[in-house]
Amino acid sequence: MIENEWKLFLAPYEQAVSELKVKLKSIRQQYKENNLHTPIEFVTGRVKTEDSIMLKAKLRSIEPERIDTDLQDIAGIRIMCQFVEDIYEVVDLLRRRKDFKVIHERDYIENKKASGYRSYHVVIQYPVQLISGEKNILVEIQIRTLAMNFWATIEHSLNYKYQGEFPEEINTRLEKTAEAAFLLDEEMSKIRDEIQEAQHMFSYRRPKNSLRSNKSEEGDPPL
Ligand code: 0O2
Ligand code: 0O2
Numbered sequence: 081m082i083e084n085e086w087k088l089f090l091a092p093y094e095q096a097v098s099e100l101k102v103k104l105k106s107i108r109q110q111y112k113e114n115n116l117h118t119p120i121e122f123v124t125g126r127v128k129t130e131d132s133i134m135l136k137a138k139l140r141s142i143e144p145e146r147i148d149t150d151l152q153d154i155a156g157i158r159i160m161c162q163f164v165e166d167i168y169e170v171v172d173l174l175r176r177r178k179d180f181k182v183i184h185e186r187d188y189i190e191n192k193k194a195s196g197y198r199s200y201h202v203v204i205q206y207p208v209q210l211i212s213g214e215k216n217i218l219v220e221i222q223i224r225t226l227a228m229n230f231w232a233t234i235e236h237s238l239n240y241k242y243q244g245e246f247p248e249e250i251n252t253r254l255e256k257t258a259e260a261a262f263l264l265d266e267e268m269s270k271i272r273d274e275i276q277e278a279q280h281m282f283s284y285r286r287p288k289n290s291l292r293s294n295k296s297e298e299g300d301p302p303l
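Here this note's numbering runs 80 ahead of the position in the sequence shown, where the first position is 1.
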């Protein structure tokens, strides 16, 4: 594909990611406005680059004309949660949506990957409205706790450095840190009620003209 063809090919994916980010952030907002614990901590999204698409297609022997059906994560959304229980609440919310259809689910929490990776993956079919009409595209939504995200982010950068061929020592340490992250999630779940009560008290006491900007208030507890 030449540059302009790539631009046209990726445009609906860019649109889907932008729309979904707005929709999912609005779920968070609705929970907050109703003074309820929000299962969504923050949302990020990205569209794969041309290079990354071509590389993955080559590694999987996917023909160029099948890229949009066989590569499910050209558009990717990531939802971060505080607790493992929140992940399953988010998955339920996604299943009940009327504006897209869940077509695949992969539970890498119950069935962690050999690398130690944990996350819940949902692939949806999302209709994008274009001037040429409606186009259904696939979007991969990864739902994970903050601890799972911390581990995956670090492992991803190491993977980039070592191209998956980790020295034995790093491999062992990564396995250990994956278990430590999981243990952290388990321990947090055990004191979930206490944490949520504290967070609820914080949000009630926070003055409306707090000096902190809205952006930093989004994810962190207020000062
Ligand atoms: P990116 O954009 O760099 O994150 P697979 O056959 O397992 O590779 P498949 O069938 O495409 O993958 O789907 P899967 O496993 O549900 O999702 C793949 C994506 O999940 C990856 O995207 C990662 O984002 C994430 N992921 C899966 N396994 C791991 C892992 O061991 N470590 C980390 N850090 N992330 C993982 P990409 O293609 O790597 O792209
Ligand atoms: P906003 O401005 O409403 O989106 P973009 O839409 O381009 O700004 P992008 O590039 O998809 O966002 O993702 P980005 O910038 O990585 O992060 C999206 C949101 O997640 C931003 O919040 C970030 O502040 C928030 N975020 C990213 N990493 C973390 C983190 O480690 N912890 C917490 N708590 N939040 C994080 P907004 O204000 O919704 O951005």
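We treat Cβ as the ideally placed atom computed from N, Cα and C, and that holds for glycine.
Counted within 10 angstroms of its Cβ, other Cβ atoms place residue i as buried (16 or more) or exposed
| i | result |
| --- | --- |
| SER296 | Note on SER296: pLDDT 46, under 50, position unreliable in the model; the coordinate value appears next. Exposed, since its Cβ has fewer than 16 Cβ neighbours within 10 Å. |
| HIS280 | exposed |
| THR118 | buried |
| LEU303 | The predicted position of LEU303 is uncertain, since its pLDDT is 42 and thus under 50; a value taken from the coordinates is nonetheless stated next. Counting Cβ neighbours within 10 Å, LEU303 comes out exposed, since fewer than 16 surround it. |
| TYR200 | buried |
| LEU254 | buried |
| VAL102 | exposed |
| GLU179 | The residue you asked about is not Glu; residue 179 is Asp in the sequence shown. With fewer than 16 other Cβ atoms within 10 Å, it is exposed. |
| ILE82 | exposed |
| ASP265 | buried |
| SER237 | exposed |
| GLU245 | exposed |
| ALA260 | exposed |
| ALA194 | exposed |
| ILE133 | buried |
| PRO247 | exposed |
| PRO144 | exposed |
Pair within 8 Å by beta-carbon distance, residue i and residue j
| i | j | result |
| --- | --- | --- |
| VAL203 | HIS184 | yes |
| ILE223 | ILE159 | yes |
| VAL208 | ALA278 | no |
| LEU218 | GLN205 | yes |
| ASP153 | GLU94 | no |
| THR252 | TRP231 | no |
| ARG198 | MET228 | yes |
| LEU100 | ILE157 | yes |
Cutoff 6 Å; reference residue i; Cβ partners in own chain excluding five residues on either side
| i | result |
| --- | --- |
| LEU104 | VAL123 |
| GLN162 | GLU121 |
| GLU298 | Residue placement at GLU298 cannot be trusted, given a pLDDT of 48 that sits under 50; what the coordinates show is reported in the next sentence. Cβ within range, chain order: n/a, list empty. |
| LYS181 | GLN205 |
| TYR111 | THR118 |
| TRP86 | GLU130 |
7 Å Cβ shell around residue i - same chain, five flanking residues per side excluded
| i | result |
| --- | --- |
| PHE262 | ARG198 |
| TYR240 | none |
| VAL142 | It should be pointed out that residue 142 corresponds to Ile in this sequence rather than to Val. Here the set comprises ASP150 and LEU151. |
| SER269 | PHE163, VAL164 and GLU165 |
Residues of its chain near residue i, where Cβ-Cβ distance is below 8 Å and the 5 sequence neighbours each way are ignored
| i | result |
| --- | --- |
| GLU214 | PRO207 and VAL208 |
| TYR242 | ILE250 |
Check whether the segment 131-138 and the segment 159-178 touch, using three or more Cβ-Cβ pairs below 8 Å as the test. No, the segment 131-138 is not in contact with the segment 159-178.
Touch test, the segment 115-129 against the segment 185-192, Cβ-Cβ under 8 Å, three pairs minimum: Taking 8 Å as the limit for Cβ pairs, the verdict is that the segment 185-192 does not touch the segment 115-129.
Report the residue ranges of all beta strand (DSSP E) runs contained in full by the segment 254-278; include only those spanning at least 3 residues, in chain order. If we require 3 residues or more, the segment 254-278 turns out to have no beta strand (DSSP E) run fully inside it.
Mind pulling the beta strand (DSSP E) runs of 3 or more residues that sit fully within the segment 120-207? Here the runs fully enclosed are 122-127, 155-161 and 181-187.
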